[in-house]
Structure formats: C-alpha cells, structure tokens
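Trainee:
Residue numbers (the working numbering), protein chains in the order written: chain E, 47 to 374; chain U, 47 to 374.
1) I'd like to check one pair, residue 257 of chain U with residue 197 of chain U: are the Cβ atoms closer than 7 Å?
2) What does the Cβ neighbour count give for residue 157 of chain U, buried or exposed, with the cut at 16 atoms within 10 Å?
3) Under 7 Å, Cβ to Cβ, is there at least one residue of chain E near residue 320 of chain U?
4) Going straight from the alpha carbon of residue 330 of chain E to that of residue 285 of chain E, what length do you get?
5) Could you round the C-beta distance between residue 245 of chain E and residue 214 of chain E to whole angstroms and report it? I think they count as a contact, below 8 Å.
6) Taking only runs of the beta strand (DSSP E) that begin and end inside the region 82-145 of chain E, which ones reach a length of at least 3 residues, in chain order?
7) Whose C-alpha, out of E/269, E/117 and E/149, is nearest the C-alpha of residue 129 of chain E?
8) Since residue 355 of chain U sits in a beta bridge, which residues does DSSP pair it with?
9) Using the DSSP secondary-structure output, state which residues sit across from residue 257 of chain U in a beta bridge.
10) Would DSSP call residue 149 of chain E helix, strand or coil?
11) In angstroms with no decimal places, state the Cα-to-Cα distance between residue 53 of chain U and residue 305 of chain U.
12) Alpha carbon to alpha carbon, what distance is there between residue 191 of chain U and residue 217 of chain U?
13) Would you report the Cα separation of residue 283 of chain U and residue 64 of chain E, rounded to the nearest angstrom?
14) Helix, strand or coil for residue 284 of chain U? Go by DSSP, reduced to three states.
15) Let's see if you can read the secondary structure: which residues bound the beta strand (DSSP E) around residue 170 of chain E?
16) From U/321, U/308 and U/87, pick the residue whose C-alpha is nearest to that of residue 226 of chain U; which is it?
17) Along chain U, which residues have their Cβ under 7 Å away from the Cβ of residue 330 of chain E?
18) Answer yes if the region 163-178 of chain E comes into contact with the region 133-140 of chain E, meaning at least three C-beta pairs across the two stretches below 8 Å, and no otherwise.
19) When you compare the region 357-367 of chain E with the region 87-105 of chain E, are there three or more beta-carbon pairs, one atom per stretch, that lie closer than 8 Å?
20) Between which two residues does the alpha helix (DSSP H) harbouring residue 159 of chain E extend?
21) Chain U beta carbons: is any one of them nearer than 7 Å to that of residue 371 of chain E?
22) Could you tell me the boundaries of the alpha helix (DSSP H) in which residue 316 of chain U lies?
23) With a 10 Å radius around its C-beta and 16 neighbouring C-beta atoms as the bar for buried, classify residue 355 of chain U as buried or exposed.
24) Tell me the start and end of each unbroken alpha helix (DSSP H) in the region 166-220 of chain U that is at least 4 residues and wholly inside, in chain order.
25) Distance check for residue 319 of chain E and residue 345 of chain E, CA to CA, integer angstroms please.
26) Mind checking which residues open and close the alpha helix (DSSP H) that includes residue 267 of chain U?
27) Please state if the CB of residue 287 of chain E and the CB of residue 334 of chain E are separated by a distance shorter than 7 Å.
28) Give the interface partners of residue 94 of chain U over in chain E, defined as CB-CB distance under 7 Å, in chain order.
29) What residues from the region 77-107 of chain U come within 7 Å of chain E, judged by C-beta to C-beta, listed N to C?
30) For residue 364 of chain E, decide whether its Cβ has a neighbour in chain U, counting only Cβ atoms nearer than 7 Å.
31) To the nearest angstrom, how far is it from the Cα of residue 328 of chain U to the Cα of residue 187 of chain U?
32) Report back the beta-carbon spacing between residue 363 of chain E and residue 154 of chain E to the nearest angstrom; my notes put them in contact at under 8 Å.
33) Considering only residues of the same chain and omitting the five flanking positions on each side of residue 252 of chain U, which have a CB-CB separation below 8 Å?
34) Quick one: does residue 302 of chain E have its CB under 7 Å from some CB of chain U?
35) Which same chain residues end up closer than 6 Å to residue 96 of chain U when comparing Cβ atoms and leaving out the 5 residues on each side of it in sequence?
36) Does the beta-carbon of residue 126 of chain E have 16 or more other beta-carbons within 10 angstroms, so that it is buried, or is it exposed?
Structure representation (structure tokens):
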C-alpha cells in the first residue's frame, strides 16, 4: 500500500455525505471584469462564505463527526493561529464536544475572538519559546483528548476535498458553463490541495491543477522540484494561513503525484489580488485566500479558457485589511 | 391616467428582456450566522456584485438601450456623484454612446475614477455655488444631449425593478426555499423602491415591502406619513447614495401606494451593518447598501419567517471602508 492509498475519491464522496446540510455549498462566482482582466472565464469558489469563514470547517467537521463516543466525551485539542482553530471550535460546538485550541499569544485578534466565540477554550503559548505541537500533545496526554491535526490526516483532507467536488459539480451543472480546464489552489500544509486535486482528477481528469504559494513560503514548490520534502525557515508572509515550514508527511506524496505544478507569487501580488477582490469584486478575501488569484492577475499562470480558483477564506482583521487594500 | 400608470409589472418584464445577458443575475446569499442573529431566514440580494458595483446599471442600461438612433448619436448627460454616474458611463460605453457625467468636485475618489474608467467625460461643479441639474441642463442644451435622470423616469424605475423580479424568481425556484414574507429596500430618490415594489407586489402579493432610509435623510419617511412630498435640508449621512432632499415626483406616488412602511436607521447602525457584512459575511457593502440590513440588525424592523434584503451596492473607498469597519 502506497503512502497515499488513504485518500480516494470515494473517501471524499463519503465526506460530502457527512457534510451535507452542515456546510454551506458556497457559490461559484463569476465576473465580467475578472474575465476581461484575465482573458478567459474565471470561476471563483467562494470559501470565504463557508461557515467559520474558510474551507477549514469542511475537514474539521468531517473528522470530528467520526470520533467514537468515548473520544467525544473527552474532547479534542488543536493547534492553530487561525482558521483551523476556528473550524475545529465550530465543529466541536455543533457536535457538543469540548475543544481546546492552542494559539500563539500574538495571534490575529479577529481569529482568536472567533475561536472563543464558538465556545472553545483558548490556550496561548509563546511562539519564541514553546512548540505548539508539544503544548497540544501535553494537553492531549493530560486530559485524554484527541489531537486534530490541521492537514496531515486523511479525513481532514477528504473534508477539504468536498470543495473540489462541489466546484466540479457546479461548473458542469445546467448553466454552469461546462468542465474547467485549470484549477488553482493555495498550498500551506497541503491538505486543501490534496483533497481538491483528488476530487478534480477523479471527476474532471483533463483539468490541470496548480498549487500556489507565497514566494517567501515556497516549501512545497521547492519540495515538488526536489522530489522530496524540503524545510524552510519560518516564513514571514502576509498569508498567515500558508506559513507551513514544510509540506505534510501524508499530503506531500499526494500533491507530488496529482498537482501539475506548484508556483509562487510575491507579497505585493497577494496584496494587489486582495485589493482587486475588494474594489472590483466586492468580496473580502484574506491574504492566504487571495494567493491563487494573485498568480492569475500577476501573470505567473496564464488563464485557460475556463479556470477555477479556490478563494480559501476571508478571515482578516479590519486594520490589516485596510492596510493591505489601501496600498497602491 | 393616474401618475403611476407609467410603471407596471409588464414594463419591468420588458426591461428584464432587454437586460438579459447584459446584467449579472446577482446571487441571493444566505448565512446561518445572519439567520441566527435575526431570528428568521434572511436572503440577501447581492447587487454589489452587479456590473458597475450597484443596481443602478439595470436602470441606466434599460433607459439607454431605448434611445433613438439620433439620440445615440448626440450622447447623454447625467448628474451624479456616484453610482448612477458610473452606471450611465458603463451602459453608454457598452452601447457606443458618448456620455458626460456631472460630478461634484469633492465627490468620492473611487466613484469618480470608476466613471472615468468607463470612458465617460467628467464635468465637475462646485456644490456650494452651482446646481448640478442646471449644469447638466446647460450641457444637454448646448450639445443636444439627452439627460438621463437618476430616478424620476419610468424606464429607470423599470430597470431597477428587475432586481425585484430576480429576487422573487430566485426565492421561489427549486431550492430557493419559497416566497418571501417581507422585502427591505433602501430609499434615496425612490427609483429602486418603486421598481422593486412593483415587481414584488405583482409576483408575491402577500409580501410586505418596507423602505429604509438614514434617520438624518428621512425625506421619504416624512413624506409617507404626511401623504405628500416633503423636503429636508441636504443631509450629511454617510450613506452618500441616499442624500436626496425629497422623494421623486414620479417615484413618490408609486412608493406611497406600494410600500407598507418607510422606516429610518441611525448612522451608527449603518456602520455596524457594514462591519457585520465585512467580518461575518465577507462582503463589501457601501453605506447606502447596508441601510436596509441595518434596520434588521438594529431591531427597527423585526425579521419575518423569510425576509429578503436588497444590498444595493458596494462602491466605497478603501479609506472610508476602513474607518467605518474599524469602529467599535
């Protein structure tokens, strides 16, 4: 059995059944302005409209809904400065499970407030002195809680893959316009990319899939070219959801096989894509969510006749949003 | 013939035919968070996703597409600091008609840039010393151009009404959830309210329709109670699209007959509704567009089992948006 036998189209379909009626079937937005700008039809999978404000809810709910009775009774622990934490907190709340989220003391205020708003217990750590994995592991051991990993877990990946399933269905249903030729997806730890590419390659085998990272957080791009996992220093990208130092152990083999390429975009192109979303499309996209659109608008990737872009989330502080969208 | 025989459901349907394939059929968004907050199903007609960034494009294109050959050759003139100007500029560009837009010298930068971006000629005036109607009238006379009024025109109203047609169709189509009980619409000059209420009362006769204005721009509310048109001083509301000093001569009789009520909201409730749209719904709504949602969130209007809200536009400068969404 190869390392990625664990993620199949069937597993993504099974996740979709569990999520039916719980997740939002987010719209596939189009814009004449964007089509003109890119020179092709562009379809935007609007995961900033997902519950908890990002695609992460899909994986978190899929994973938590399969806990045993005993595991539910003990609760879960997750480490995340942002969207994974909020997603686990909301999924736990909906399922009546206790959740502890380990967050950096200097994490984004809006994201930390959202986690608390969903009723989870916040446990802060000092990112200069402590490892969040170690802190989470200690809590899990002390309180017999289950650790919910952000991406290196097949049920998390299968849940994220349902965004790809929906995208393929929406593009090909009546009025949807037909199959897409190219899908762009952001890459952090690689869970979304692995799930979406499993769904897309299963349903639309002729579509190319390209992963996009910030230039200064190009661990997957480097690894993709090297053929094995490469680590980088903690990257200071504005895309706070894509600061993984290396691809996941389980996600990387899947992405190395299914992605057609992994490309990178500079920081100013990410901010410009956020501004475009604000001023022209009237949608709020966080830096990590704007990364794949930046690849199109910045000319790193050329639009296909029909290109789908996963806008992965919209959780951004008003002050940070204002700063990034006011730049010229 | 009474004063409002000029606007009928048939006329709105005819406008919809002209606009088919030209306007965006904007989505009817829903949000579990919003439903919880309001205590009922809330459907948001997302006109900030409309071409030119507001519903105004519907009326402008409907009007301009019916110009005679001779009128097209001479061009059009419109006075507007904002969305009507951008809408006329875009419609004129698409139809190959020359457009002059009369704008206040201190108008919102983003809106003025959009007007120029669509290729229209900008003519600034000093709002302290000149009347925009007079300036526009002079240009029309000198250059034999047709004045495109912002609301007091049945073809403008019929075009705006197509937002109501779509809303009724989308709510009642498969998966739409069924008829709505209540529709909330912003009121400035009254063109959108007249068009939408004509469509809604024609298609969903049991639905109530409530117009919403800023408290400090309550000319239609005062007029509605008085039974005749009342003027107010130039209002300094943040809702720059709703600064009309009195209801329209043609729009008021229609709104007086079809609206079930006209209510007002304070300025801070408008800013709070914009913040809610930003932080929770991840959409960019301008102050005027957030006014009807403010009525729900601020408790001025109680949600019905199914309430539709017209979010009329999303054209707001980054700096203004930041200021309004960062307030506590």
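Using N, Cα and C, we set each Cβ at its ideal position, and we do this for glycine too.
The model shown is predicted, which means the values in this text are computed figures rather than measured ones.
Mentor: Let me lay it out:
1) Counting from 1 along the second chain, the entry for residue 197 of chain U is found at position 151. Counting from 1 along the second chain, the entry for residue 257 of chain U is found at position 211. It is not a contact, given that the beta carbons lie outside the stated cut-off.
2) Here residue 157 of chain U refers to the residue found at position 111 when the second chain is read from its first residue. Flag for residue 157 of chain U reads buried.
3) Here residue 320 of chain U corresponds to residue number 274 of the second chain, with the count starting at 1. No, residue 320 of chain U lies away from the interface with chain E (no Cβ there is under 7 Å from its Cβ).
4) As a working note, residue 330 of chain E is residue 284 in the first chain. As a working note, residue 285 of chain E is residue 239 in the first chain. Whole-angstrom Cα-Cα distance: 14 Å.
5) For the purposes of this step, residue 245 of chain E is taken as the residue at position 199 of the first chain. For the purposes of this step, residue 214 of chain E is taken as the residue at position 168 of the first chain. Yes, residue 245 of chain E and residue 214 of chain E are in contact; Cβ-Cβ is about 6 Å, under 8 Å.
6) Complete beta strand (DSSP E) runs here, min 3: 87-92 and 122-125.
7) Within the first chain, the letter at position 83 stands for residue 129 of chain E. For residue 129 of chain E, the nearest C-alpha among the options comes from E/149.
8) Along the second chain, one-based indexing puts residue 355 of chain U at 309. Bridge partners of residue 355 of chain U: U/90 and U/230.
9) Within the second chain, numbered from 1, the residue matching residue 257 of chain U stands at position 211. According to the DSSP secondary-structure assignment, residue 257 of chain U is paired through a beta bridge with U/231 and U/308.
10) The count along the first chain starts at 1 and reaches residue 149 of chain E at position 103. Three-state DSSP puts residue 149 of chain E in a strand.
11) Position 7 of the second chain, counted from the first residue, corresponds to residue 53 of chain U. Position 259 of the second chain, counted from the first residue, corresponds to residue 305 of chain U. Cα to Cα, residue 53 of chain U sits roughly 14 Å from residue 305 of chain U.
12) Within the second chain, numbered from 1, the residue matching residue 217 of chain U stands at position 171. Within the second chain, numbered from 1, the residue matching residue 191 of chain U stands at position 145. If I take the Cα positions, the gap works out to 40 Å.
13) The residue given as residue 283 of chain U occupies position 237 in the second chain. The residue given as residue 64 of chain E occupies position 18 in the first chain. Their Cα atoms are separated by approximately 47 Å.
14) Stepping through the second chain from its first residue, residue 284 of chain U is reached at position 238. In the structure shown, residue 284 of chain U sits in coil (DSSP, three-state: anything other than H, G, I, E or B).
15) Residue mapping note: residue 170 of chain E aligns to position 124 of the first chain, counting from 1. Start and end: 167-171.
16) As a position in the second chain, residue 226 of chain U is number 180, starting the count at 1. Residue U/87 is the option with its Cα nearest to residue 226 of chain U.
17) As a first step, residue 330 of chain E must be located in the first chain, where it is residue number 284. One finds 324, 328, 329 and 330 in chain U with Cβ atoms closer than 7 Å to the Cβ of residue 330 of chain E, taken in chain order.
18) Yes, the region 133-140 of chain E touches the region 163-178 of chain E.
19) yes
20) What you label residue 159 of chain E is simply residue 113 of the first chain in a count that begins at 1. Start and end: 155-163.
21) Looking up residue 371 of chain E in the first chain gives position 325. So, interface residue.
22) One-based indexing of the second chain puts residue 316 of chain U at position 270. Start and end: 313-322.
23) In the second chain, residue 355 of chain U corresponds to position 309, counting from 1. Residue 355 of chain U comes out buried.
24) 178-189 and 200-218
25) The sequence position of residue 345 of chain E within the first chain is 299, counting from 1. The sequence position of residue 319 of chain E within the first chain is 273, counting from 1. Roughly 12 Å separates the two Cα atoms.
26) Here residue 267 of chain U corresponds to residue number 221 of the second chain, with the count starting at 1. Its alpha helix (DSSP H) spans residues 265-272.
27) Position 288 of the first chain holds residue 334 of chain E. Position 241 of the first chain holds residue 287 of chain E. Yes. Within cutoff.
28) Here residue 94 of chain U is taken as the residue at index 48 of the second chain, counted from 1. Those are 328, listed as they occur along chain E.
29) 78, 94, 95, 97 and 99
30) Against the first chain, residue 364 of chain E aligns to sequence position 318. Closer than 7 Å: yes.
31) Here residue 328 of chain U corresponds to residue number 282 of the second chain, with the count starting at 1. Here residue 187 of chain U corresponds to residue number 141 of the second chain, with the count starting at 1. Roughly 45 Å between the two C-alpha positions.
32) Taking the first residue of the first chain as 1, we reach residue 363 of chain E at position 317. Taking the first residue of the first chain as 1, we reach residue 154 of chain E at position 108. About 6 Å separates the two Cβ atoms, so the contact holds.
33) Locating residue 252 of chain U in the second chain gives position 206, where the first residue counts as 1. 225 and 227, listed in sequence order.
34) Position 256 of the first chain, counted from the start, is the residue given in the question as residue 302 of chain E. By this cut-off, residue 302 of chain E is not an interface position.
35) Taking the second chain and counting its residues from 1, one reaches residue 96 of chain U at position 50. The residues are 70, 72 and 103.
36) Residue mapping note: residue 126 of chain E aligns to position 80 of the first chain, counting from 1. Buried: at least 16 other Cβ atoms inside 10 Å.
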